[in-house]
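Note sheet for the following structure.
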Amino acid sequence: MTGHDRADAGDLARRLAEQAEAVCRYYLSAGRRHGKYWLVGDVRNTPGRSMYVRLHGPSEGRGAAGRWADAASGEYGDLLDVIRESCGLLDFRDVADEARAFLSLSRPEPRPVSHADHPANGRGSAGYAEAVRRLWSMTYPLAGTLAATYLRHRDLKRFPGVSALRFHPTCYYRPDDDGPTEVWPALIAAVTDLDGTLTGVHRTWLAADGHGKAPVDVPRRALGDLLGHAVRFGVASDVLAAGEGIETVLSLRQVLPDLPLAACLSAGHLATMVFPPLLRRLYVVRDDDPAGDHALETLSGRARDAGIDLIALSPRLADFNDDLRHLGPAALRAILHPQLAPQDVARFLETAHV
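Residue 211 is where the sequence shown starts when you use our numbering, and the numbers rise one by one after that.
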């Protein structure tokens, strides 16, 4: 690619990003919109949900609109890459011609976006930040709520000092198909950066009795800036355990209450987590699937480059919550014991009281 081509590519990518949703609807038609992302199986337009395209954001830099990543394959790029791969093009000039043709098409405006996807008080990152703050301000402490009932139903009972989880009794749920808005109780988790600043929220809509998730198509959704951030339990210094799901990570807290934990909410976000500056040992709570394997591989390389010792923690059953529920706390302690560094056994496991 010549210098002129590179400049042309940058301009085309920015113009495509301004119409990111229209690009996705046209070239990634097997996917669907989910909040501020477009979800699809991969960049070649395979049905699925492992690839996500950011639909809104700044024109460049962190969180830019049009940037995408595939949690299963580790691929990432911009909307020119989407055009290249989905159309099977090899030469940049062909990709550029296709992009120009798309940008010159006469087509209707994208359909109106629901309130759930575009906060009414502003567009882009500022609007989402305000929506996050507003939702969090409407929540209640966990104790005695349906959210606590839901967690206890998963054998998650240790909550002292847990401020990252709260309860919303009437949280709006808006289906992706523009169906009528529903109201369900919800477990709300705070997504924060390393300084503890709120950057996003994660919602788990709950059944009316708290014994399971609500009967909706997508009972878990996140809102806000997630990349690099996490739902945090404890303050990490030199040691941290990180995984994808909140319930999986909380399962470790039941037997390792003093070990700092981070739930990154997806394999892709786990792979891109920001390391605490003093971190020297990172435990990765494995999910046994291709996306989880890729996240572990990516983190291993990043940790090695940063001089951080990485240790994978593997459950006996499908995940650590299954270990906790079906085998019990004592068995979970026994499963974790040989996987921990000896100094962490003395520091976190032997001092824990189940």
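The beta carbon of each residue, even a glycine, is placed where N, CA and C say it ideally should be.
Rounded to whole angstroms, L222 and A432 show a C-alpha spacing of 30 Å. Linking L437 to S476 through their CA atoms gives a straight-line distance of about 10 Å. V292 is the residue among L404, V292 and P395 whose C-alpha sits nearest the C-alpha of D252. A residue is called buried once 16 or more other Cβ atoms fall within 10 Å of its Cβ, and E507, having fewer, is exposed. By the criterion of at least three beta-carbon pairs nearer than 8 Å, the region 354-374 is in contact with the region 407-425.
Straight-line measurement puts the Cα of A472 at about 8 Å from the Cα of I456. Here S296 is buried: its Cβ has 16 or more other Cβ atoms, across all protein chains shown, within 10 Å. With contacts defined by Cβ atoms closer than 8 Å, A282 and H504 form a contacting pair.
Under the criterion of beta carbons closer than 8 Å, E454 and V426 do not qualify as touching, at roughly 21 Å.
Cβ neighbours of Y383 within its own chain (closer than 6 Å, five residues either side excluded): E392, W394, W415 and V426. Taken atom to atom, the span from the alpha-carbon of C474 to that of G406 is near 14 Å. In summary, D435 is buried, with 16 or more beta-carbon neighbours lying within 10 Å of its beta-carbon over all protein chains present. Scanning H244, L527, D280 and L488 for the CA closest to the CA of G517 turns up L488. When secondary structure is reduced to three states using DSSP, F312 falls in the helix class. Within 10 angstroms of the beta-carbon of S260 lie 16 or more other beta-carbons, which makes it buried. Collapsing the DSSP output to three states places V555 in a helix. Secondary-structure assignment with DSSP links Y262 through a beta bridge to L249 and A279.
Under the three-state reduction of DSSP, V465 is assigned to coil, being neither helix nor strand.
Contact between L466 and F530 does not hold, since the beta-carbon distance rounds to 11 Å and is not under 8 Å. Note: A522 is bridge-paired with V494 in the DSSP secondary-structure output.
Rounded to the nearest whole angstrom, the CA to CA distance from L537 to D280 is 34 Å. With respect to I398, F377 sits close: the two C-beta atoms are nearer than 8 Å.
Here the alpha carbon of G502 sits roughly 6 Å from the alpha carbon of R496.
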